[in-house]
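Visitor: Dropping a structure here in structure tokens format, bear with me for questions.
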Amino acid sequence: MNRKRTAKPYGGQITTPPPSWLSPLEADTPQAATESNVKLTDIHLPQEQPRRYFDPEALKELVSSVKQHGILQPLLVRPLSSGGYELVAGERRWRAAQAAGLEEVPVVVRELSDQQAFQLALIENLQREDLNPVEETEGILHLLAIRLESNMEAVKSLLYRMKNANSKGEDSRRNVSPKPETSLATTEVGEVTDESRRNVSPNSETDPEQFRRNVSPNSDASESSNEQQDVSSVSAQKESRRNVSPNLDEETLKTVQEVFDGLGLMNWLSFTTKRLPLLNLPKEILADLREGKLEYTKAQALARVKDNELRKQLLSETVANNWSLSEIKEQIKARTEASSTPSSVTSTRVPERLKDITQQIRKRRLWENPEKQNQLETLLGQLEALLNEN
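Start counting the sequence shown at 1; every next residue gets the next number (the UniProt record's numbering).
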């Protein structure tokens, strides 16, 4: 059930060397790169690696190919101050070379910082043809975290705030300036929709202002009125967004947009709406998704089962019997019809607890405690994710 791709998802966008934003502080410094053969025992894995799962069958096929043809594409490594090399990209080939019994492998040696090395490892992982949606989502989040010098939970929280601000801005535009001739839709986060890019041309022949001047020589008054309306609209939109999310600064938004433009797969809004909910699935479902044993639509159906034991049992039987989505739904319906409803006493206590917790947080001002601020950010991110679930 592995997700098949005919080409690398970012093959046309991300290459080695990486995009210009990989290391802004060292963008003008040429990187030394040499190719040679080194002993396999001199190559060490980094402490933190973006790839967690290797398909045993696919690895077995690669081992057979390596035994016959050797390593055709060099590994990317960087020199270690303690001696030897650290693997940057090509872990699957490195594992296959070990299993095939090779003593030496071809490598490209580059001088890379810790941040550059990890970003390159992430990018290589995102180029895989067998990349599953969970690893893809985690990889993009990790790239954003590195670029924003933050952590993944904080990045998730930021994306949800951007989404909420974007929704508020759309409402503001509809209420303040519902002019049908306005085709260029922009948001506070700097996003210009694909439709607007297609429809707007810098050519004066298609310029709405030029068009109005050509057909209406006495339109100065109406143009002045339109300009005043535009200024009012922009001011109202900015004020609305400040009220929704006052912590969104332009540099942060530009960085987020830059990363998604470089990846070229989807925009940040689509990623936030369709991909982030993936990471809220139960861990056993996530594990099977990551290993390609389960499709996302089936995972969503199983995740709706609240009973942990029943959900695990249904998951196991789904994978073993390769049930279709309709079969899964039938099984869920049959096995949950006789289950008891949640206690009304417990349900009525939830609003009271929420009210009490909110009051306690405000009273103790937890956000002012540096040790508890990160934990609070994580919990808020989880609540925001819950609120944004379909």
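Positions of the beta carbon are idealized from the N, C-alpha and C atoms, including for glycine.
Does the Cβ of isoleucine 357 have 16 or more other Cβ atoms within 10 Å, making it buried, or fewer, making it exposed?
Guide: Burial call: exposed.
Visitor: Could you check where the alpha helix (DSSP H) with proline 56 kicks off and where it finishes?
Guide: Per DSSP, proline 56 belongs to the alpha helix (DSSP H) from 56 to 69.
Visitor: Of all the options Lys67, Ser113, Glu86 and Gln127, which has the alpha carbon lying nearest to the alpha carbon of glutamate 103?
Guide: When only C-alpha atoms are compared, the closest one is Lys67.
Visitor: Taking the alpha-carbon positions, what's the asparagine 374 to arginine 353 distance?
Guide: If you take the alpha carbons of asparagine 374 and arginine 353, they lie about 22 angstroms apart.
Visitor: Express the C-alpha separation of leucine 286 and alanine 97 in angstroms, rounding to a whole number.
Guide: Taking the straight line from one Cα to the other gives about 30 angstroms.
Visitor: Taking the DSSP output, what are the residues bridged to leucine 278?
Guide: None, per the DSSP bridge assignment.
Visitor: With the cut-off set at 9 angstroms, would you say aspartate 288 and leucine 294 are in Cβ contact?
Guide: Their beta carbons are under 9 angstroms apart, which means aspartate 288 touches leucine 294 by this criterion.
Visitor: Does DSSP put valine 38 in a helix, a strand or coil?
Guide: Strand, per DSSP.
Visitor: Given that a residue counts as buried once 16 or more other Cβ atoms are within 10 Å of its Cβ, and exposed if not, what is tyrosine 160?
Guide: Buried.
Visitor: Look at the Cβ atom of asparagine 125, then the Cβ atom of glycine 139, and state whether they are nearer than 9 angstroms.
Guide: Yes, these two residues count as a Cβ contact at 9 angstroms.
Visitor: Is the separation between the beta-carbon of leucine 276 and that of alanine 301 shorter than 9 angstroms?
Guide: No, they are not a contact pair.
Visitor: Just curious, the beta strand (DSSP E) that arginine 110 is in, first and last residue?
Guide: Per DSSP, arginine 110 belongs to the beta strand (DSSP E) from 104 to 110.
Visitor: Based on the DSSP secondary-structure assignment, which residues constitute the bridge partners of isoleucine 43?
Guide: In the DSSP output, where bridge partners are listed per residue, isoleucine 43 has Tyr85.
Visitor: Run through DSSP, which three-state label would arginine 335 get?
Guide: Reduced to three states, the DSSP call for arginine 335 is helix.
Visitor: Label histidine 69 either buried or exposed according to how many other C-beta atoms from any shown protein chain fall within 10 Å of its C-beta, with 16 as the threshold for buried.
Guide: Result: exposed.
Visitor: What's the C-alpha gap between leucine 248 and methionine 162?
Guide: Using only the alpha carbons, I get a separation of about 8 angstroms.
Visitor: Please work out which residues of its chain come closer than 7 angstroms, Cβ to Cβ, to serine 255, disregarding the five sequence neighbours upstream and downstream, and give them in chain order.
Guide: The sequence shown places threonine at residue 255, not serine. For threonine 255, where only same-chain residues beyond five positions count, the Cβ hits under 7 angstroms are Arg147 and Leu148.
Visitor: Taking buried to mean at least 16 other C-beta atoms within 10 Å of its own C-beta, is arginine 364 buried or exposed?
Guide: When all chains shown are included, arginine 364 counts as exposed.
Visitor: So, under 8 angstroms CB-CB, tyrosine 85 and aspartate 42 are touching, yes? Tell me the CB distance rounded to an integer number of Å.
Guide: That belief holds up - the Cβ atoms of tyrosine 85 and aspartate 42 are roughly 6 angstroms apart, short of 8 angstroms.
Visitor: Can you give me the C-alpha to C-alpha distance between arginine 95 and glycine 292, rounded to a whole angstrom?
Guide: Taking the straight line joining both Cα atoms gives about 20 angstroms.
Visitor: Bridge partners for arginine 304 per DSSP, in chain order?
Guide: Partner(s): none; arginine 304 has no beta bridge.
Visitor: Report back the beta-carbon spacing between arginine 311 and valine 319 to the nearest angstrom; my notes put them in contact at under 8 angstroms.
Guide: Not really, about 13 angstroms apart at Cβ, beyond 8 angstroms.
Visitor: Pull up the CB-CB distance for valine 38 and valine 105, whole angstroms please, since I reckon it's below 8 angstroms.
Guide: Their Cβ separation, rounded to whole angstroms, is 7 angstroms, which keeps valine 38 and valine 105 in contact under 8 angstroms.
Visitor: According to DSSP, is proline 74 part of a helix, a strand, or is it coil?
Guide: Three-state DSSP puts proline 74 in coil, outside helix and strand.
Visitor: Starting from phenylalanine 118, trace the alpha helix (DSSP H) in both directions and tell me its first and last residue.
Guide: Note, phenylalanine 118: alpha helix (DSSP H), 114 to 126.
Visitor: If you draw a straight line from the alpha carbon of proline 133 to that of tyrosine 296, how long is it in whole angstroms?
Guide: Distance between the alpha carbons of proline 133 and tyrosine 296: 8 angstroms.
Visitor: If you draw a straight line from the alpha carbon of alanine 100 to that of isoleucine 332, how long is it in whole angstroms?
Guide: Roughly 46 angstroms separates the two Cα atoms.
Visitor: Classify glutamate 153: buried if its beta carbon has 16 or more other beta carbons within 10 angstroms, exposed otherwise.
Guide: With 16 or more other Cβ atoms within 10 Å, it is buried.
Visitor: Measuring only the C-alpha atoms, how far is threonine 252 from leucine 281?
Guide: The straight-line gap from Cα to Cα measures roughly 28 angstroms.
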